[in-house]
Amino acid sequence: MPLRKIQNYYHQMKKDLKTTKTYFQLAFSGNKVDRVTDFSVCKRPVLLIYGFGATRRVFSILEKRLRKDGFCVFSINLRGVFDTFNTSCIEDLAQHVHMKIERLCEKYHLNKISIIGHSKGGLIGHYYVKRLGGEKRVKSLITLGTPHNGNPLAILGLVTPLALVSKSLWQMFPMSPFIRRLRKGTWPKDVRLTSIYSKNDNICYYKSSILTNADEAPYIKNIELPSMTHSDYIIRRAAYHVIRKELLDAEMN
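If you count the sequence shown from 1, you need to add 30 to reach the working numbering.
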């Protein structure tokens, strides 16, 4: 291997390890976040839904960038094992999101919401919009490394004790009853759906994230980000630029 390739590989690996370390430090910071969102003046609401094994704190960097750009950002405690880590059934979590959004919209008369879902969080958002009437409240769903087609790597979790306490691990396996139900029917045409994925994603196999019906509708799209790991989507600035563009495009339509 030429010296230049070795150097590039080393620098990329060093960058990936740094991002992964940051992600886990944030994840283990817990679910408690400061309530800084004033919903009475919330004109551009964005809901962040975190993934399996994570907490609300993993969005700290993304949230800060979104607020700086004028978005009204909030998240929801999805609880799980140890009242944390988002391990519960996806349908139940989507219902929880539905109830929270309904209460907020009824109380504050919010504009239509954009949802950003990381990993399993994207499946929660997908189910909410497609199966629980979320199209009435949502204008766009942006998923980051989300296994819309099921993730074959979920089998690694199924051979651990986590499989005993988390139904969602079974749900994320390809061709699970949940994935089959999710794929049935059409996506609401009034909601933009964007799946952002990377061939370098070390947690969600990239083909798991590709929306197979993207060629059939202009409001559904796939975006590949090169050289991104699973944690990079919510930490690296290059990923944020793509997310921000998708949010702004949704506002224009």
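Idealized CB from N, CA, C, for every residue including glycine.
Report, in whole angstroms, the separation of the C-beta atoms of residue i and residue j, which I expect to be a contact under 8 Å.
| i | j | result |
| --- | --- | --- |
| G152 | Y80 | At roughly 10 Å, the Cβ-Cβ gap does not stay under 8 Å, so G152 and Y80 are not in contact. |
| F203 | A184 | 5 Å |
| G180 | S206 | 6 Å |
| V159 | K142 | Their Cβ separation, rounded to whole angstroms, is 11 Å, which puts V159 and K142 out of contact at 8 Å. |
| F82 | T117 | 7 Å |
| V127 | I154 | 6 Å |
| T49 | R266 | 7 Å |
Take residue i as the anchor and find which of the options has the nearest alpha-carbon.
| i | options | result |
| --- | --- | --- |
| R95 | L277, E121, A57 | L277 |
| N252 | K142, L171, K48, T85 | L171 |
| T52 | R210, H260, N283, S144 | H260 |
| S225 | Y263, S198, G215 | Y263 |
| K98 | Q125, Y138, Y270 | Y270 |
| C234 | I273, R211, H178 | H178 |
| A268 | D279, L255, S239 | L255 |
| Y236 | P182, L199, S118, E93 | P182 |
| S228 | V76, D68, S149 | S149 |
| V103 | D279, K48, G110, R86 | R86 |
| K219 | G164, M258, I273 | G164 |
| P101 | I120, N107, P75 | Note that residue 101 is Phe in the sequence shown here, rather than Pro. Comparing Cα-Cα distances from F101 to each of I120, N107, P75, the minimum goes to P75. |
| H156 | K214, D245, L140 | K214 |
| C135 | E93, C72, S196, F115 | C72 |
| L123 | G110, K275, A57 | G110 |
| P248 | E132, R210, N283 | N283 |
| V272 | N61, A244, L77, T173 | T173 |
| V63 | A84, N107, L47, E246 | N107 |
| A84 | N243, A57, A244 | A57 |
Between which two residues does the beta strand (DSSP E) harbouring residue i extend?
| i | result |
| --- | --- |
| L174 | 168 to 174 |
| H148 | 143 to 148 |
Between which two residues does the alpha helix (DSSP H) holding residue i run?
| i | result |
| --- | --- |
| I120 | 120 to 138 |
| E281 | 267 to 282 |
Of all the CB atoms in chain D, is at least one closer than 8 Å to the CB of residue i?
| i | result |
| --- | --- |
| K130 | Note that chain D does not occur in the displayed structure, where there is just one protein chain. |
Under 8 Å, do residue i and residue j count as touching if we go by C-beta distance?
| i | j | result |
| --- | --- | --- |
| L223 | L212 | no |
| Q201 | I120 | yes |
| M258 | D279 | no |
| L140 | F69 | yes |
| L77 | S59 | no |
- Message: For a minimum of 4 consecutive residues, which ranges assigned as the alpha helix (DSSP H) are wholly contained in the region 52 to 101?
- Response: 90 to 98
- Item | Within the region 184 to 258, ranges of the alpha helix (DSSP H) (whole runs, at least 4 residues) | 185 to 188, 192 to 195, 197 to 201, 207 to 213, 236 to 239
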